[in-house]
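**Q** Attaching a single structure in structure tokens format; questions to follow.
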Amino acid sequence: MKRHFIMILVACFVLPAMISAQEVDKAREEFDGIMKSLEAKRSSTPMPKLIDMAERELLAFLEKHPGTEAAGNAHLMLGQIYSSINRLEDAEKHLLLYFDKDIPKNPKDLGIAKFSMGNLYVSMTRFDEAEKVFREAVEASGSDAKMKQMAQSMIDRMSILKSLAIGKVPDDFSATATDGKPISFGQYRGKVVLVDFWATWCAPCRTEMPHVKKVYDKYNPKGFEIIGISMDDNKAKLDEYIKNKSIKWRQIFDGKGWKSELGQKYAVASIPTTLLLDREGVIRYKNLRGDELEKAVKELTGN
């Protein structure tokens with residue numbers, strides 16, 4: 082009798098914490114609906130507005146459906162979104178919540194989740210942690226050969242990534258710009274330089290371009306330059322975009338897309354990727370956006 086009473090007492094504490102199958106299904110249906118809605122709006126909605134919309138809807142979803150597998154997917158999605166807009170602390174918070182032991186997970190998602198965490202740690206220059214997580218991503222990817230290859234590629238590039246940490250001087254390069262003339266870092270010594278890996282097909286790159294142009298127009302007379310490194314594979318589209326947007330700084334294009342020689346040399350895994358170098362050629366900032374970019378350029382140009 083006493084044992085039976087204890088079991089009932091324990092059940093009184095455990096049952097409220099359990100999530101019914103009905104709630105799990107409801108959460109999954111709602112999450113999938115959010116994803117479909119965002120996907121439908123992607124081509125017609127400016128990226129900043131789409132990101133705000135996704136953030137608002139996913140946070141509201143987490144309030145309603147905590148602890149479900151779909152909540153884990155929402156944390157993962159928020160982590161990726163925040164990483165893409167350089168809100169790194171918020172990204173880490175949500176990716177860590179995804180890995181919370183109390184949240185159920187689909188094993189098929191673990192590889193991409195580990196890969197996302199590794200990329201975040203690279204952005205935060207926490208390279209030892211990044212390498213560890215990328216190795217875990219390889220193991221977690223199972224039969225997903227593409228994800229396994231991507232994670233292994235990041236492990237192989239780790240020495241390059243470490244050489245591109247803030248405070249380092251990146252290795253120089255020699256290339257031919259789209260104007261047909263040679264170009265290298267050495268030509269820009271004494272200038273503050275933004276190295277911008279981008280592409281015309283990249284929505285976040287296009288969203289950021291007005292900010293970049295504004296900073297260039299304002300600070301170019303004060304010693305600020307930009308080197309654009311295009312990850313496009315169609316030069317006609319690149320030329321058309323540059324002409325239509327009145328982009329004045331020099332561009333490098335080799336037509337190899339993601340296999341761009343300079344993209345490989347500097348271990349670019351996503352775009353936009355930027356390095357901001359001071360007048361001595363030292364990396365001072367990475368992946369700045371909007372007002373943060375202007376603030377840093379103002380500081381480094383001394384204006």
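This note's numbering puts the sequence shown at residues 82 to 384. Virtual Cβ for every residue (Gly too), placed ideally from N, Cα, C.
Jot down the residue ranges of each uninterrupted alpha helix (DSSP H) in the region 107 to 152, minimum 4 residues, whole runs only, in chain order.
**A** Counting only runs of 4 or more, we get 128 to 145.
**Q** Flag this pair as yes or no: are the beta carbons of residue 197 and residue 178 separated by less than 9 Å?
**A** Not a contact, by the Cβ cut-off of 9 Å.
**Q** Given that a residue counts as buried once 16 or more other Cβ atoms are within 10 Å of its Cβ, and exposed if not, what is residue 353?
**A** So residue 353 counts as buried.
**Q** If I measure Cβ to Cβ from residue 167 and keep anything under 6 Å in the same chain, skipping five residues before and after, which residues do I get?
**A** So the list reads 368 and 370, once near-sequence residues are dropped.
**Q** From residue 186 to residue 160, what does the alpha carbon distance come to, in whole angstroms?
**A** So the two alpha carbons sit approximately 16 Å from each other.
**Q** What number of angstroms, rounded off, separates the C-alpha of residue 116 from the C-alpha of residue 382?
**A** Computed Cα separation, rounded: 43 Å.
**Q** Answer with buried or exposed for residue 339, where buried requires no fewer than 16 other C-beta atoms within 10 angstroms of its C-beta.
**A** Result: exposed.
**Q** Tell me which same chain residues have a C-beta within less than 7 Å of the C-beta of residue 158, skipping the five on either side of it?
**A** The residues are 139.
**Q** Within a Cβ cutoff of 6 Å, which residues of the same chain sit near residue 310, ignoring the five residues on either side of it in sequence?
**A** Once the five neighbours on either side are set aside, the close Cβ partners of residue 310 are 278, 333 and 343.
**Q** With 16 other CB atoms within 10 Å as the buried threshold, where does residue 101 fall?
**A** Answer is exposed; the Cβ neighbour count stays below 16.
**Q** Assign residue 339 to one of three DSSP states: helix, strand, or coil.
**A** Helix.
**Q** For the candidate residues 312, 190, 326 and 211, whose alpha-carbon lies nearest to that of residue 199?
**A** Ranking 312, 190, 326 and 211 by Cα distance to residue 199 puts 211 first.
**Q** Let's see if you can read the secondary structure: which residues bound the beta strand (DSSP E) around residue 214?
**A** First-last for residue 214: 208 to 221, but that is the alpha helix (DSSP H), not the beta strand (DSSP E).
**Q** Grouping DSSP H, G and I as helix and E and B as strand, with all else coil, what is residue 257?
**A** Residue state, collapsed to three classes: strand.
**Q** Please specify which runs of the alpha helix (DSSP H), each continuous and at least 4 residues long, are wholly inside the region 147 to 201, giving them in chain order.
**A** Complete alpha helix (DSSP H) runs here, min 4: 150 to 165 and 169 to 179.
**Q** In three-state DSSP terms, what is residue 263?
**A** Note: residue 263 maps to strand in three-state DSSP.
**Q** In the region 263 to 334, which residue ranges form an unbroken beta strand (DSSP E) of at least 3 residues, counting only runs that do not cross its ends?
**A** With a minimum length of 3 residues, the continuous beta strand (DSSP E) runs that stay inside the region 263 to 334 are 273 to 279, 305 to 311 and 331 to 333.
**Q** My output table needs one value for residue 356: the three-state DSSP class, helix, strand or coil.
**A** Residue state, collapsed to three classes: strand.
**Q** What is the DSSP secondary structure of residue 247, counted as helix, strand or coil?
**A** Note: residue 247 maps to coil in three-state DSSP.
**Q** Near residue 272, which residues of its chain fall below 6 Å by C-beta distance, leaving aside the five closest residues on each side in sequence?
**A** 304 and 306.
**Q** CB-CB under 7 Å to residue 289, same chain, minus the five flanking residues each way: which ones, in chain order?
**A** For residue 289, where only same-chain residues beyond five positions count, the Cβ hits under 7 Å are 353 and 370.
**Q** Between residue 208 and residue 242, how many whole angstroms is the CB-CB distance? I'm expecting something under 8 Å.
**A** Yes, residue 208 and residue 242 are in contact; Cβ-Cβ is about 6 Å, under 8 Å.
**Q** Use the C-beta contact count for residue 85: other C-beta atoms within 10 angstroms, 16 or more gives buried, fewer gives exposed.
**A** The predicted position of residue 85 is uncertain, since its pLDDT is 47 and thus under 50; a value taken from the coordinates is nonetheless stated next. Exposed, since its Cβ has fewer than 16 Cβ neighbours within 10 Å.
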